[in-house]
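So the structure is just underneath, and the comments pick up after that.
There are 2 protein chains.
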Amino acid sequence: MIASTRDANTLSELGSFGGLYAVPASVSDPVLVASADGVGTKLKIAFRTGRHDTVGQDLVNHCVNDILVQGGRPLFFLDYLACGELEDTVVSSVVSGVAMACRENGCALLGGETAQMPGFYAPGEYDLAGFVVGITPRERLLDGSRVNEGDVLVGIRSTGLHTNGFSLAREIVFGHMGLDVDDRMPGMSGGVGEVLLQVHKSYLHSILPLVEQNRIHALAHITGGGVPGNLPRTLPTGLGAVVRRSSWEVPTLFRVLGEAGEVGEAEMDRVFNMGIGMVVVVSPTDADAVVEDLGVAGERAWILGRVEEGAGVRYEP
Amino acid sequence: MIASTRDANTLSELGSFGGLYAVPASVSDPVLVASADGVGTKLKIAFRTGRHDTVGQDLVNHCVNDILVQGGRPLFFLDYLACGELEDTVVSSVVSGVAMACRENGCALLGGETAQMPGFYAPGEYDLAGFVVGITPRERLLDGSRVNEGDVLVGIRSTGLHTNGFSLAREIVFGHMGLDVDDRMPGMSGGVGEVLLQVHKSYLHSILPLVEQNRIHALAHITGGGVPGNLPRTLPTGLGAVVRRSSWEVPTLFRVLGEAGEVGEAEMDRVFNMGIGMVVVVSPTDADAVVEDLGVAGERAWILGRVEEGAGVRYEP
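Line order of the protein sequences matches chains A and B.
Here this note's numbering is used: the first residue of the first sequence is 2, the next is one more, and so on.
Here this note's numbering is used: the first residue of the second sequence is 2, the next is one more, and so on.
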């Protein structure tokens with residue numbers, strides 16, 4: 002599985018001290034884009050369901066999206082898996098998810114560390130972190146400087162919670178609602194475990210072509226902090242965003258969680274992605290074409306709002 | 002502290018989605034060398050002593066040594082710190098150690114993740130992982146192909162346990178010997194906590210000049226597995242190593258642990274570094290000069306043995 006992620010630039014075998022990766026000669030004035038992340042308490046759902054092959058995909062896709070927003074195409078990935086007692090089937094399941102997602106993102110799984118740390122983790126539990134390194138030609142770096150007043154926000158649909166809001170979601174689902182992972186999620190066709198474990202989506206294949214065509218002004222990956230916490234980080238000083246609530250239907254899962262947990266709208270917006278996995282900032286003249294091209298690439302995309310003078314995110318009906 | 006690790010190639014501010022680092026234009030045919038690691042159960046000593054500013058240094062230095070053995074000079078580092086409940090003073094202490102060691106190794110602290118994961122870690126405990134990316138011109142990659150029969154092994158002194166063997170060391174010191182971290186370590190001038198927390202040494206500044214002068218045939222970082230577990234990984238098929246026991250005095254700490262724990266010689270060699278932090282493989286005609294140059298650079302170095310036909314490590318008196 003790991004071997005299948007190797008490419009022509011992967012120079013090392015697994016098990017060397019360090020992993021080796023040749024800087025692609027085709028990239029002019031290359032800038033490396035790196036990010037570290039974990040899966041957070043979504044892992045508790047994996048423990049509770051005994052399903053360990055999805056969290057590695059969450060991790061890789063999350064990291065890949067994080068460097069994509071600056072224009073980075075992933076080159077390689079390393080993981081860190083720590084547990085109290087190594088269980089071979091669990092480790093192999095987790096790593097298979099990591100390797101599968103690396104392959105899907107065209108990214109070499111260059112190495113990693115599996116640490117056995119007695120007394121650190123409860124039996125059957127573990128922690129998982131990952132590190133991705135990508136590359137972009139310097140002229141294509143997305144740093145907010147291309148964003149103008151009047152630019153259009155395109156939203157792209159998420160696949161469930163992604164990897165954020167799990168502490169609150171678990172409290173609502175297992176506490177307030179008194180459900181367990183095998184119960185059906187009210188209002189939905191899937192089980193609780195299945196719905197909560199929905200894999201965090203990678204937007205690499207649908208968005209990278211637009212980056213390479215220089216059509217993207219900025220990108221925001223909607224993680225912890227939601228749209229209000231993440232979108233402003235991609236905008237230059239003096240510009241804010243207007244998000245039109247009527248432009249999309251909040252997915253059932255978030256409505257169920259909000260109602261059962263009696264969570265206010267502002268908190269919902271801050272804790273959850275509310276169905277928006279990525280926000281793409283584009284020129285108003287290109288916006289319809291971007292929505293269409295994202296649709297052709299398999300995404301559900303729509304015009305979410307616009308960039309205006311000011312700061313932060315303002316919602317309008 | 003973090004800002005002080007930035008250099009001319011660091012393009013991003015902390016808090017961006019990903020960290021940005023320009024590939025240095027001065028490196029011809031550049032190969033990236035990457036490694037991920039944790040601190041392991043040495044963290045338990047930090048918890049027990051309440052001293053959290055050294056484990057970050059252990060982590061960075063360990064990672065830097067791991068890429069140095071393939072010829073890599075570190076460019077940047079990212080850390081992952083996970084705990085149940087964030088304690089600001091602990092986090093700041095850990096990160097200050099990471100930042101200090103990054104600065105000492107000329108390596109930018111490009112980003113990282115601090116994860117609060119309720120229910121994962123005992124109060125006051127945390128896990129810490131790190132990820133380093135370095136670079137080398139392809140022609141200077143150390144891959145074992147330069148090693149010849151008759152080459153000389155130069156040993157370089159470690160600073161205590163480094164980051165390996167802590168499960169056994171803790172069992173011996175706190176179990177068999179019945180000591181606590183504030184007690185004096187028998188036969189040594191320091192306290193138990195102080196001796197066990199000795200910072201894992203970085204060999205970057207003493208060894209990199211020799212790498213750049215093309216005088217190094219291979220390098221082995223002595224971590225888990227000891228000399229027999231690590232040295233053979235750097236030698237090509239058909240070659241093994243002879244290590245002369247009389248060439249160095251095993252430091253007091255290892256002798257104390259071995260005697261108190263009644264640990265056999267072979268197990269000691271596999272679990273601990275036995276006073277050898279790094280093994281440098283050089284030409285027999287250059288060996289004395291390498292020992293002298295390492296001495297001038299502040300290391301305690303000596304002729305440890307030689308490369309011979311065969312496989313693995315053979316000890317002789």
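Here a beta-carbon is modelled for each residue, glycine too, at the ideal position from N, C-alpha and C.
Item checked: Listed by chain order, chain C residues near D80(A) by CB distance under 8 Å -> No chain C is present in this structure, whose protein chains are A and B.
Checklist line | Contact list for E114(A) against chain B, beta-carbon separation under 8 Å | finding: A37, D38, G39 and A130
Next item on the list: Could you say which of G39(B), G135(B) and T160(B) lies nearest to A23(B) if we only look at CA atoms?
Entry: G135(B)
Notebook entry, point to check: With A47(A) and V56(A) assumed to form a contact (beta carbons below 8 Å), what rounded beta-carbon distance in angstroms separates them?
Noted result: 5 Å
Check: Measuring CB to CB, does L254(A) end up less than 9 Å from M178(A)?
Finding: no
Notebook entry, point to check: Which residues bound the beta strand (DSSP E) around L33(B)?
Noted result: P31 to G39
Check: chain B beta carbons: is any one of them nearer than 9 Å to that of P237(A)?
Finding: For P237(A), the answer is no, since every Cβ of chain B falls outside 9 Å of its Cβ.
Notebook entry, point to check: So which residues of chain B does T42(A) contact, with C-beta pairs closer than 8 Å?
Noted result: Those within 8 Å of T42(A) in chain B are M118, P119, G120 and F121.
Note to self: If I follow the unbroken beta strand (DSSP E) through V280(A), where does it start and stop?
What the structure shows: I277 to V283
Checklist line | Three-state secondary structure (DSSP) of T235(B) | finding: helix
Note to self: Quick test of your reading: G192(B) and V182(B), contact by CB under 8 Å. State the CB separation rounded to the nearest angstrom.
What the structure shows: 7 Å
Item checked: For E309(B), three-class secondary structure by DSSP -> strand
Next item on the list: Assign P25(A) to buried or exposed, taking buried as 16 or more other Cβ atoms, counted over all protein chains shown, within 10 Å of its Cβ.
Entry: So P25(A) counts as exposed.
Check: So I157(B) and L295(B) are in contact, right, with Cβ under 8 Å, and what is the actual spacing, rounded?
Finding: 6 Å
Check: In chain order, what residues of the same chain lie with their CB nearer than 6 Å to the CB of N106(B), ignoring the 5 residues before and after it?
Finding: V65, P75, S203 and L205
Checklist line | Span of the alpha helix (DSSP H), counted from its first residue to its last, around I223(B) | finding: First-last for I223(B): undefined, no H or E at that position.
Check: Can a CB atom of chain B be found closer than 9 Å to the CB of A267(A)?
Finding: No, because no Cβ of chain B sits closer than 9 Å to the Cβ of A267(A).
Next item on the list: For P75(B), name the three-state secondary structure that DSSP assigns.
Entry: Look at P75(B) here: in three-state DSSP terms it is strand.
Margin query: For the pair the stretch 268-286 of chain B and the stretch 213-223 of chain B, tell me if three or more CB-CB distances fall below 8 Å.
Written below: Three or more beta-carbon pairs separated by less than 8 Å link the stretch 268-286 of chain B to the stretch 213-223 of chain B, which places the two stretches in contact.
Margin query: If you follow the beta strand (DSSP E) that L69(B) is in, where does it begin and where does it stop?
Written below: Taken as a continuous stretch (DSSP letters only), L69(B) belongs to no beta strand (DSSP E), being part of the alpha helix (DSSP H) at V56 to L69.
Checklist line | CA nearest to the CA of V174(A), picked from A35(A), V34(A) and R49(A) | finding: R49(A)
Item checked: Residues near S168(B) in its chain [Cβ-Cβ closer than 6 Å; skip 5 each side] -> T42
Check: Roughly how many whole angstroms lie between the Cα atoms of V233(A) and M275(A)?
Finding: Note that residue 233(A) is Pro in the sequence shown here, rather than Val. Rounded to the nearest angstrom, the two C-alpha atoms are 17 Å apart.
Next item on the list: Please classify R7(B): is it buried, with 16 or more other beta-carbons within 10 angstroms of its beta-carbon, or exposed?
Entry: buried
Next item on the list: Could you work out which residue in D144(B), P237(B) and E260(B) is closest to E150(B) when comparing CA atoms only?
Entry: P237(B)
Note to self: What would DSSP say about G262(B), mapped onto helix, strand or coil?
What the structure shows: helix
Margin query: Please identify the residue among G262(B), G194(B), E250(B) and S159(B) whose C-alpha is closest to the C-alpha of E300(B).
Written below: S159(B)
Next item on the list: Verify whether the separation of the beta carbon atoms of G39(B) and E114(A) is less than 9 Å.
Entry: yes
Check: With 16 as the cutoff for other CB atoms within 10 Å, does D184(A) come out buried or exposed?
Finding: exposed
Checklist line | Integer-rounded CB distance, given that T235(B) should sit under 8 Å from V34(B) | finding: Between T235(B) and V34(B) the Cβ distance is about 14 Å, and since that is not below 8 Å, they are no contact.
Item checked: Contacts of P31(A) in chain B (Cβ-Cβ under 8 Å) -> A23 and V24
Notebook entry, point to check: Given V212(A), which residues of its chain have a CB within under 6 Å of its CB, disregarding the five upstream and five downstream residues?
Noted result: G72
Margin query: Taking DSSP's pairing of strands, which residues face V244(B) in a bridge?
Written below: G306(B) and Y316(B)
Checklist line | Residue burial classification, A219(A) (beta-carbon count within 10 angstroms, cutoff 16) | finding: buried
Notebook entry, point to check: Who pairs with R158(B) in a beta bridge, going by DSSP?
Noted result: R158(B) is bridged to I277(B).
Check: So does the stretch 116-136 of chain A actually touch the stretch 125-134 of chain B, counting three or more Cβ pairs closer than 8 Å?
Finding: Yes, since at least three Cβ pairs between the stretch 116-136 of chain A and the stretch 125-134 of chain B fall closer than 8 Å, the two stretches touch.
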